[in-house]
Amino acid sequence: MRFLGFLTRRIVGIAAVMVGVSIITFAISHVIPADPVAAALGDHATDQQIAAFRAEYHLDRPLPEQYLTYVNGLLHGDLGRSIRTRRPVSDDLFDSFPATIELSLAALLVAILVGIPAGVWSAIARGRLPDHLVRLASLVGGSIPVFWLGLIVIGLFYYQLGWLPGGARIDTFVAPPPTRTGLYTIDSLIAGDFEALRSSILHLVLPALTLGYFSTAVIARMTRSSMLEVLGQDYMRTARAKGLQERLVVMRHGLRNALIPTVTILGLTFGSLLSGAVLTETIFSWPGLGRYATAAAIALDFPAVLGVTLLAAIVYPIANLLVDIAYFWLDPRTQRG
Amino acid sequence: MSIPLPRASIVVAVALLVAAACAPAGTPGTSASVSPSAGGAASTLVIDRDTSDLISLDPAVLYEFSAVFATHNVYETLVKFEGTDLTTPKASLATSWDIKDAGSNWDVTFKLKSGVKFASGNPLTADDVVYSFQRAIKLNKSPAFLFTDVAGLKAENIKASDASTVVVTMPKTSSTQTFLVILTFTIGGVVDSKEVKTKETGGDFGSAYLLDHSAGSGPFSVDHWTKNTEVLLKANPNYGGTKPSLVGVLFKHVPEPTNQQFALEKGDADIANDLGSEQIAALQGKAGVTTTSADSLLLVYVGMNAMVKPLDNVKVREALRTAVDYDGIIKDLLKGNGKKVQGIVPKGLAGYNESAPFQADVNKAKSLLQEAGQTAVTLDFLVPTGPAPGGAAWSDIAAKLKSDWAKIGVTVNIKQTTTADLLGTYRAQKGQLVMINWGPDYPDPGANVNPFTDYKAKSIAYRNGWDDATIATKAHEAELISDPAKRVAAYKEITDYVLHNGPYVVLYQPTELFGLRSNVKGFNWSSIGWAELASVTK
C-alpha cells in the first residue's frame with residue numbers, strides 16, 4: 560500500500576512537471592527574437608506564402624490562444640506538425656527515440672560495468688597505483704568534451720586502425736532487423752538475425768563508449784567515495800571478525816551499502832545521457848532524438864523542440880522513479896520509513 | 025545477500041559480444057530481401073551527404089536539394105538539359121515541341137516519344153503527363169508556384185489531344201522559354217497515373233504513397249527511404265534509355281564532412297557530397313581517392329539599402345563595389361573555391377555577363393566618394409553565422425570587406441546573426457549593408473534578374489529599397505522574348521546596367537567540392553544540383 564501511494568504521488572508529480580515544462584518551453588520558443596517562418600521558408604518566400612504559413616501554424620494568433628490550441632492538441636495525443644520535416648512530431652519522435660534509448664542504455668551499461676568495479680577497485684587499493692589510475696581516468700572522463708572524444712575515437716578506431724565502424728547504427732550493406740522494439744540489438748535477437756546483431760553491436764561500441772565515458776567517471780568516483788566510507792564502518796569490522804572472506808565482506812556487506820548513493824547518480828546519469836546524445840549522435844551519424852533535436856533547434860522548428868522537451872520531461876522523472884523503486888530493494892529502511 | 029545484478033549484466037554483455045564477434049558475417053538475415061546488398065556493394069554507388077533536408081520524394085511536393093538530386097534520376101521530363109549545359113533544353117520524353125501564337129495565349133504542343141514504359145511496366149502516354157502536371161498544380165505544394173505563378177498555368181489548360189500529344193495553353197504574360205526550363209526541373213517529372221491513382225487516399229493524389237515510393241520512368245526507382253538514415257534507389261529494368269551499370273545508388277545520411285572524408289578514404293563511401301576545403305586538402309595525394317569541383321548557381325553578395333543615406337547615391341554604391349579585393353577573397357579565404365562573378369546572373373545560365381570590372385581600386389573608390397560629397401561613412405553590416413558557400417566563414421569574409429572599405433574611409437559595424445534573424449531584418453528593408461547568398465529557383469536568367477530588379481516583386485530589389493521601374497520593365501520584356509539569342513542580348517543590356525547602378529556588391533560564385541573513389545567514373549555535377557547517375561560507373 561505504501562508503495563502504491565508513493566507511486567500515485569510520483570505520477571501526479573510527473574503530470575505537474577509536464578504542465579510546467581510545456582508552459583516554459585512554449586513561452587521560450589515563442590519569445591525568441593528569430594522568426595521560425597524565415598527559417599522554414601527561406602529567402603525566396605512570398606508574402607502570401609508567409610501569411611499562409613503563419614495561419615497553418617497559428618502563429619497569427621495571440622500567444623495564450625496558441626498555447627491553448629497546443630495543449631488541446633496534446634490532450635488529444637497530437638504533438639503538432641514539424642515545421643522542418645512537415646510530419647507529425649509524434650511520428651518523428653517514434654522514429655528517432657528507439658535509437659537514442661538503445662545508445663543511452665548501452666552507454667549506461669558501459670558506465671555500470673566499468674564505473675562500479677573501477678570505483679570498488681580504487682577504494683580497496685586506496686593510495687596505490689590502481690587508485691591513482693582510476694582517479695586519473697575519472698578526472699579525464701569528467702572533463703573531456705564529448706564531441707572531441709567522439710572525433711578522436713572515430714579517428715583512431717575507425718580511420719587509423721579500422722577495428723570498429725565509425726558511424727550509423729548498422730553496416731551499409733546489412734539490412735536492419737524487422738522493427739519490434741526499434742532497438743536493433745533486441746530486434747535482431749528476436750528475428751534470429753545474427754548478422755544484424757553482430758553489426759548493430761559493433762556499431763554501438765564507439766558511440767556508447769564516447770557517451771558513457773563521462774557517466775563512467777562520475778559513477779567510479781561516487782562508488783569509490785561511498786565504498787571508502789562504508790569500508791570504515793563498524794559492521795564491516797564485525798563481518799571480518801566473523802571470519803568472512805575479504806571478497807565476501809567487500810561484495811556482500813560493503814558494495815550493497817555503497818551502491819545506494821550510486822543508484823541515485825544512475826538515475827540522473829540516464830537523463831544526462833539523453834542530453835549528451837545530442838552531440839554524440841551528430842558525430843556518429845546516429846539517427847536518434849539528439850540529432851533530431853539539434854536539427855529542430857537550428858531550424859527554429861518549435862513544435863519539434865516542444866515534443867522533444869516534453870519527451871525528456873517524461874523520461875527524467877521516470878528514470879528517477881525507477882531509482883526510487885530500486886531504493887525499496889536496496890535499502891530496507893525506505894520500506895519502513 | 026549478494027549483488028547479482030552487475031555480475032549478471034557482465035555475463036549477458038560478454039555473451040552478446042561473443043555472439044556478435046562469432047556470428048558468421050555472411051549469415052543471411054530474415055529481412056535480407058530489403059537489403060541494399062541485393063546487388064552487392066560492388067555495384068551499388070554509396071553517396072555520403074547531409075540529407076536532413078529531405079521532406080518528400082514526390083516530384084510535385086519536393087523542393088529540397090537532396091530530393092532534387094535523387095528524384096532527378098527517377099522521373100523523366102518532357103525536355104531536359106544535357107550534361108552540365110543549362111542554356112538549351114533538349115528533347116527527352118517529348119521528341120518535339122511547337123510554340124504557337126494563339127491570339128491571347130501561347131499554345132505549346134509536345135509530341136511524346138513512343139514505347140516509353142514506367143518502372144511498373146505501364147506505357148507512358150499523354151494522359152500521364154496531363155495527370156502529373158495537374159496534380160502538381162492541385163496539390164499546390166512548395167514547387168507549384170513554378171507552374172502557377174511563373175508559367176501562369178491552370179490545371180484545365182493542360183490537355184491531351186491524343187495518346188501522344190499534350191497541349192499546354194499559357195498566358196502571353198508568361199515566358200514560353202522559362203516554361204521549357206521549368207519543365208526540366210523535378211516538378212516536370214512524369215508519374216505513372218495508373219499506378220498513382222490506385223494509391224490515392226482522401227484526395228491526396230497519391231502524395232502519401234509517393235512520399236517514399238516512386239512511379240517514374242527514369243533509370244532508377246525508389247527502393248526505400250529510411251528516415252534520417254538512407255535513401256536507396258535501384259535500377260529500373262524497364263528504363264528505355266542506356267541501362268545504368270549500377271544496380272543501385274545509396275544516399276547515406278552522414279551530416280559531418282569529416283566523417284564523409286573518413287568513409288571515402290576507408291572505401292565505405294564512393295562519393296562524399298558535402299566536403300569543405302579542409303577535407304579536400306586532406307584528401308590530396310591519398311591513394312584510391314580523387315577530388316573534383318563544379319560550379320554552383322549561387323551568388324554571394326552584399327545588398328546595399330538604397331533608402332539609407334548615403335547608399336541612395338549611386339556613386340557611393342559604386343565606390344563600395346570598386347574598393348573590394350575580390351581576388352583576395354577567392355584566393356585567400358575560399359582557397360580558390362569560387363569564381364569571380366560580378367553580375368546578377370551566375371556563370372552557367374543563359375544571360376551570364378562576363379563583365380567583372382571591379383578589383384580593389386582604392387584611388388578610384390575614394391574619388392567616387394568625393395564626387396558623391398562623402399569623406400567618412402559609417403554603416404551597419406549584417407552578416408550570417410556559420411560557413412558561407414565556398415567554405416569560408418561569413419565572419420571572415422565580413423572582416424575582409426570591413427578592412428577593404430576602411431581603406432576608402434567607410435567604416436562598417438559588423439553585426440553577426442542567424443540567417444533566419446537576418447532575413448527578418450532584410451525582408452523588412454531594415455538592413456543597411458546585408459551579406460547573404462541567392463540561388464535561382466529554376467535555371468533561367470529570369471529567376472535572378474526579376475528578383476534583383478523588380479521592386480514590386482518584393483524580393484531582393486525591394487529589400488534593398490531599389491525601385492527602378494525602367495529596368496524592371498526591361499527585365500519582364502526580356503523574359504518574354506522567345507528568340508534565345510535576342511533574349512540573351514536583352515539580358516546583357518540589363519545586367520550591364522545593374523552592374524553599375526544596382527544596390528549590389530556581387531562577391532563571387534562558389535564552387536561545390538566532391539570527393540570520389542578513384543574507380544568512380546562518369547560523375548558530372550550539374551550546377552542546378554544533380555548528376556546523371558545512369559552514366560556513373562564504379
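Residue numbers (my numbering), protein chains in the order written: chain A, 560 to 896; chain B, 25 to 562.
We put the beta carbon where it would ideally sit given N, CA and C, even for glycine.
The structure displayed is predicted, hence computed values, not measured ones.
- Counting other Cβ atoms within 10 Å of its Cβ, Leu715/A stays below 16 and is therefore classed as exposed.
- For His617/A, the secondary structure class from DSSP, reduced to helix, strand or coil, is coil.
- The bridge partners DSSP lists for Thr133/B are Asp122/B and Val191/B.
- Ile211/B counts as buried, since at least 16 other C-beta atoms from the protein chains shown sit within 10 angstroms of its C-beta.
- When DSSP states are grouped into helix, strand and coil, Lys562/B belongs to the coil group.
- Listed along chain B, the residues sitting closer than 8 angstroms to Ala854/A by beta-carbon distance are Ser76.
- Residue contact check for Pro279/B against chain A: a CB pair falls below 8 angstroms.
- If you draw a straight line from the Cα of Thr441/B to the Cα of Ala854/A, it is about 18 angstroms long.
- With a 10 Å radius around the Cβ and a threshold of 16 neighbouring Cβ atoms, Glu503/B comes out buried.
- If you look at Ala318/B, you'll find it in the beta strand (DSSP E) that goes Val313 to Asp319.
- Counting every other CB atom within 10 Å of its CB across the protein chains shown gives His812/A a total of 16 or more, marking it as buried.
- Counting along the chain, the unbroken beta strand (DSSP E) around Phe275/B starts and ends at Gly272 to His277.
- The criterion of a C-beta distance shorter than 8 angstroms is not satisfied by Thr111/B and Ala514/B.
- Put simply, the CB of Ala444/B is near chain A, with a gap under 8 angstroms to one of its CB atoms.
- Glu280/B counts as buried, since no fewer than 16 other beta carbons sit within 10 angstroms of its beta carbon.
- When secondary structure is reduced to three states using DSSP, Phe209/B falls in the coil class, being assigned neither helix nor strand.
- Residue range Phe753 to Leu790 is occupied by the alpha helix (DSSP H) that includes Phe753/A.
- For Thr253/B, the residues of chain A that pass the 8 angstroms Cβ criterion are Ala727, Arg728 and Pro846, in the order they occur in the chain.
- Identification of residues in the segment 692–722 of chain A having a C-beta nearer than 9 angstroms to some C-beta of chain B yields Leu710, Ile713, Gly714, Tyr717, Tyr718 and Gly721, given in sequence order.
- Annotation for Asn461/B: the continuous beta strand (DSSP E) segment containing it runs Leu457 to Trp462.
- Within its own chain, the residues whose Cβ lies closer than 7 angstroms to the Cβ of Gly362/B, once the five positions on either side in sequence are excluded, are Ile354, Gly414, Tyr532, Gln533, Pro534 and Thr535, listed in chain order.
- Under the 8 angstroms criterion on CB atoms, Gly448/B is classed as interfacial with respect to chain A.
- For Ala296/B, not one C-beta of chain A is nearer than 8 angstroms to its own C-beta.
- Secondary structure in the segment 371–420 of chain B: the alpha helix (DSSP H) runs of 4 residues or longer, each lying completely within the stretch, are 386–395 in chain order.
- Between His500/B and Asn474/B, the alpha-carbon positions lie close to 7 angstroms from each other.
- Between the beta-carbon of Ala150/B and that of Ser241/B there is about 14 angstroms, and that puts the pair past the 8 angstroms contact cut.
- Put simply, the backbone Cα of Gln398/B is about 17 angstroms away from that of Asp428/B.
- The beta carbon of Ala160/B sits closer than 8 angstroms to the beta carbons of Pro83, Ala84, Pro167, Ala168, Phe171 and Ile211 from its chain, once the five residues preceding and following it are set aside; these are given in chain order.
- Under DSSP, no beta-bridge partner is assigned to Asn361/B.
- Along the segment 301–316 of chain B, there is no position whose C-beta sits under 9 angstroms from a C-beta of chain A.
- With a 10 Å radius around the Cβ and a threshold of 16 neighbouring Cβ atoms, Glu615/A comes out exposed.
- Distance check between Val529/B and each of Val369/B, Gly291/B, Trp249/B and Ala444/B places Val369/B closest, using alpha-carbon atoms only.
- Ile460, Asn461, Trp462, Gly463, Asp465, Pro475, Ala481, Lys482, Ser483 and Ile484: these are the residues of the segment 452–484 of chain B whose beta carbon lies less than 9 angstroms from some beta carbon of chain A, given in chain order.
- For Tyr772/A, same chain residues with a beta-carbon under 6 angstroms away, outside a window of 5 residues either side, are Gly700 in chain order.
- In this structure, the alpha-carbon of Gly674/A lies about 29 angstroms from that of Ala800/A.
- According to the DSSP secondary-structure assignment, Phe538/B is paired through a beta bridge with Thr316/B.
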